[in-house]
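Enquirer:
In UniProt numbering, the protein residues as written are 1 to 354.
1. Using 8 angstroms as the Cβ pair cut-off and three pairs as the minimum, do the region 149-156 and the region 181-190 touch?
2. With a threshold of 16 other CB atoms inside 10 Å of the CB of residue 54, please say whether the residue is buried or exposed.
3. When you compare only the Cα positions, how much space is there between residue 275 and residue 331?
4. For residue 1, which three-state DSSP category applies?
5. Does the distance from the C-beta atom of residue 310 to that of residue 336 stay below 7 angstroms?
6. May I ask you to report which of helix, strand or coil DSSP gives residue 296?
7. Among 72, 225, 50 and 235, whose alpha-carbon lies nearest the alpha-carbon of residue 205?
8. Mapping the DSSP letters down to three states, classify residue 154 as helix, strand or coil.
9. Throw me the rounded Cβ distance for the residue 291 and residue 157 pair, which I believe falls under 8 angstroms.
10. Does the beta-carbon of residue 346 have 16 or more other beta-carbons within 10 angstroms, so that it is buried, or is it exposed?
11. Can you tell me whether residue 351 is buried or exposed? The criterion is at least 16 other CB atoms within 10 Å of its CB, across all chains shown.
12. How would you call residue 87, buried or exposed, if buried means at least 16 neighbouring beta carbons within 10 angstroms?
13. What beta strand (DSSP E) runs, 3 residues minimum, are completely inside the region 169-246?
14. When we look at the beta-carbon of residue 301 and count the other beta-carbons within 10 Å, is it buried (16 or more) or exposed?
15. Counting beta carbon pairs with one atom in the region 277-292 and one in the region 313-321, are three or more of them shorter than 8 angstroms?
16. Please specify which runs of the beta strand (DSSP E), each continuous and at least 3 residues long, are wholly inside the region 29-60, giving them in chain order.
17. From the DSSP output, in three-state form, read off residue 10 for me.
18. State the Cα-Cα distance for the pair residue 216 and residue 189, rounded to the nearest angstrom.
19. Extract the residue ranges of the beta strand (DSSP E) inside the region 282-338, only unbroken runs of 3 or more that lie entirely within it.
20. Could you check where the beta strand (DSSP E) with residue 140 kicks off and where it finishes?
21. According to DSSP, simplified to helix, strand and coil, what is residue 348?
22. Determine the extent of the beta strand (DSSP E) in which residue 265 is found, giving its start and end residues.
23. So, residue 98 versus residue 73, is the Cβ gap smaller than 7 angstroms?
24. Let me know the secondary structure DSSP gives residue 164 once reduced to three states.
25. How many Å lie between residue 355 and residue 60 at the Cα?
26. Is the beta carbon of residue 213 closer than 7 angstroms to that of residue 357?
27. Residues bridged to residue 122 by DSSP?
28. Buried or exposed: which applies to residue 208, given that a residue is buried once 16 or more other Cβ atoms fall within 10 Å of its Cβ?
29. Counting pairs of beta carbons, one from the region 79-94 and one from the region 31-46, are three or more of them closer than 8 angstroms?
30. Compute the distance between the beta-carbons of residue 62 and residue 139, then report whether it is under 7 angstroms.
31. What residue range is occupied by the uninterrupted alpha helix (DSSP H) comprising residue 274?
Structural data, given as structure tokens:
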């Protein structure tokens, strides 16, 4: 909702009040169960989640993912900067943020052992403006200590970029790198404002980008340069960024990624256009590589993450393989996704609902 608002206003008026509600465990269970069912119905086999600051709620999310069969990477959000976060929704101080992050990591390891599910804790500074230097430094150290993935936002908007320059005299990328938060297991969301030098840093650190094209239309102030990142050998996967993006469908985000790339072309960027095949790659191989999962491809030794999808126009349209493929990219919706498998296990089935 309220996607017509500027990012700062949207966060303070809508996002932070909503996330604060997850302190209520019953609320968290209700919302997270609905979320995971919806994501699986839309064919999302793997979720990379910003949870909330509440460890109990984050563990409820992990248990639901284990129960319903979605592979999940989940982070306890760290945010302790009183200048950029509301008093009703922030970590009390850096020590609390780091202590609760480490407690969440240990609890997730215990849950892994109990359930044998594919659930992984993720180091999660919300973004540079919401964290103090001490917290950013400590989170980098925790990521190294436990060899864990890291997720955050990087250069999502002009405001975020300017904040880093004004407060650190460094670009957003440089701040994150300074505190050890850009590694080969890091996934940074958005990147609409990344410079060529930033992309070179991403390449040297082997850090991945989560491209969230619907969200970026509203909050990114630009279009992420997917082809430029690819040319610099930067890993890019596709994300939905709900609720910064309004749709839980990766198909809808594939479509938007293609449309948004045309904007860059119209603005004079050479070779910016991406195809349906490029977008599908971002949603499958790209995402799997960003998360270091042997998935996203149908080949020996890879996890069987699969969708059975109905081509609703098969009887009235051309049935050349390339045209079927593109038709599926542009027209698949939740109702067309008949079955979903994660690591070979059936996790969504609506074949019997016709």
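A virtual CB, placed ideally from N, CA and C, is assigned to each residue, including glycine.
Expert: Straight from the coordinates:
1. yes
2. buried
3. 15 angstroms
4. coil
5. yes
6. coil
7. 235
8. strand
9. With 8 angstroms as the limit, residue 291 and residue 157 do not qualify as a contact, their Cβ atoms being about 24 angstroms apart.
10. exposed
11. exposed
12. exposed
13. 186-190, 208-211 and 236-238
14. exposed
15. no
16. 46-50
17. helix
18. 10 angstroms
19. 306-309
20. Taken as a continuous stretch (DSSP letters only), residue 140 belongs to no beta strand (DSSP E), being part of the alpha helix (DSSP H) at 133-146.
21. strand
22. Unbroken run through residue 265 is the alpha helix (DSSP H), 250-266; no beta strand (DSSP E).
23. no
24. helix
25. Residue 355 lies beyond the stretch modelled for the chain, which goes from 1 to 354, so this question has no answer here.
26. With the chain running from 1 to 354 in the structure shown, residue 357 is simply not present.
27. 75
28. buried
29. no
30. no
31. Premise fails: residue 274 is in no alpha helix (DSSP H) and is neither H nor E.
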